[in-house]
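Residue numbers (full-length UniProt numbering): 1 to 226. Quick reminder that beta carbons are idealized off the backbone N, C-alpha and C, glycines included. First the structure, in the form of structure tokens, and then the observations on it.
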Amino acid sequence: MGKAELFLRRMVDNSVQPDRVTYTSMIHGYSTLGRWKEATKMFREMTGRGLIPNIVTWNSFMAYLCKHGKSKEATEIFFSMAAKGNKPNIITYGILLHGYGNEESFVDMMSLFNSMKGNGIVANRQVFNILIDAYAKRGLIDEAVLILTEMRGHGLSPDVLPKKGFPPLCIQSNQPNHTEIGAGAEAAQSRPKETTEKEQKKQMPTTADQQKRRSLAIAAPTGIFH
């Protein structure tokens, strides 16, 4: 990349202004080599000359940074992007959310997630998967289940749920049971325990009044999961 940058400087010295394609190529080259300082320098020089990257360039550069544990630098790019009038899309948010999750920056991750929703961008399956995976990998099952609950509220199901630590009901049906969330989370409503016909007969009261009350209880609404 030394020769490429030298060529770029000669272009400038000869009053030939590099265009967006030239800078994008330089940024990509430096990023691929892991030379983040040089890539960031090129990026800032590019925008300083009034050459605004397209959304693909913004997202690609942020992805390179996050992939190598530099979500802080990616955050700076994110805000620079917004300041220059480029509206982040769902892919942009997903890249940065994934970066935060990998670095266990959960406060930043959820702050960005809430900001995304506040800006009118609806989370898709990929974004929910990123959040669930980030929490589950660190054993934060309660938080993962709460995200899963919100995801189900959007009519979506995760691609795969980690088996380790997750309530069996979540794994089997991709639908959380509040009685299994634990850690101080008191559920207002929960799914009734399903029993087999044989078990129901064993548990059935003997008096007519008790049978009637039990029938009404079984027929009652089961809460937010229906």
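Pull up the CB-CB distance for Thr24 and Thr57, whole angstroms please, since I reckon it's below 8 Å. Their Cβ separation, rounded to whole angstroms, is 5 Å, which keeps Thr24 and Thr57 in contact under 8 Å.
Does the separation of the CB atoms of Phe43 and Phe61 fall below 8 Å? Cβ atoms of Phe43 and Phe61: closer than 8 Å.
Sorted by chain position, which residues of the same chain lie with C-beta nearer than 6 Å to Val127's C-beta, five sequence neighbours on each side aside? By the criterion of a C-beta distance shorter than 6 Å, Val127 is surrounded in its chain by Gly94, once the five residues flanking it on both sides are discounted.
Are Ala74 and Leu96 close, meaning C-beta to C-beta below 8 Å? Result yes, Cβ atoms of Ala74 and Leu96 sit closer than 8 Å.
Can you find the residues in the same chain that come closer than 7 Å, C-beta to C-beta, to Glu143, ignoring five residues on each side of it along the sequence? Excluding residues within five positions, the ones whose Cβ falls inside 7 Å are Tyr135.
Closest Cα partner of Asn86 within the set Ile52, His98 and Ser31: The closest CA to that of Asn86, considering only Ile52, His98 and Ser31, is found on Ile52.
Under a three-way DSSP split, which group does Leu33 fall into? Annotated three-state conformation of Leu33 is coil, per DSSP.
Taking Cβ positions, are Pro158 and Leu146 nearer each other than 8 Å? No, the pair does not count as a contact, with Cβ atoms beyond the cut-off.
Starting from the C-beta of Met26, find all residues in its chain whose C-beta is less than 6 Å away, skip the five residues before and the five after it, and write them out in chain order. Cβ neighbours of Met26 beyond the five flanking positions: Met42.
Please report how far the alpha carbon of Gly120 lies from the alpha carbon of Thr92, in whole angstroms. If you take the alpha carbons of Gly120 and Thr92, they lie about 14 Å apart.
Put His28 into one of helix, strand or coil per three-state DSSP. His28 sits in a helix when the DSSP states are folded into three classes.
Whose CA, out of Leu112, Lys70 and Asp108, lies closest to the CA of Asn89? Asn89 has its Cα closest to that of Leu112, out of Leu112, Lys70 and Asp108.
Tell me the rounded alpha-carbon separation between residue 227 and Arg10. Past the boundaries of the shown model lies residue 227; the chain is included only from 1 to 226, so the question cannot be answered.
Within 10 angstroms of the Cβ of Arg125, are there 16 or more other Cβ atoms? Answer buried if so, exposed if not. With fewer than 16 other CB atoms across the displayed protein chains lying within 10 angstroms of its CB, Arg125 is exposed.
By DSSP, does Glu143 sit in helix, in strand, or in coil? Three-state DSSP puts Glu143 in a helix.
Tell me whether Ile181 is buried or exposed, calling it buried when 16 or more other Cβ atoms sit within 10 Å of its Cβ. Caution is warranted here: a pLDDT of 33 is assigned to Ile181, below 50, making its placement in the model unreliable, and the coordinate value is therefore given only provisionally. With 16 or more other Cβ atoms inside 10 Å of its own Cβ, Ile181 counts as buried.
Span separating the alpha-carbon of Asp133 from that of Met116: Those two C-alpha atoms are separated by around 19 Å.
When you compare the CB positions of Met109 and Gly101, do they come within less than 8 Å of one another, or not? Yes, Cβ-Cβ distance for Met109 and Gly101 is below 8 Å.
Whose C-beta lies closer than 7 Å to the C-beta of Asn129 among residues of the same chain, with five residues either side of it excluded? Excluding residues within five positions, the ones whose Cβ falls inside 7 Å are Pro158 and Asp159.
Starting from Gly101, follow the alpha helix (DSSP H) in both directions and report where the run begins and ends. Run containing Gly101: Ile90 to Asn102, per the alpha helix (DSSP H) assignment.
Using only the alpha-carbon positions, how far apart do Lys70 and Val107 sit? A straight-line Cα-Cα distance of about 16 Å links Lys70 and Val107.
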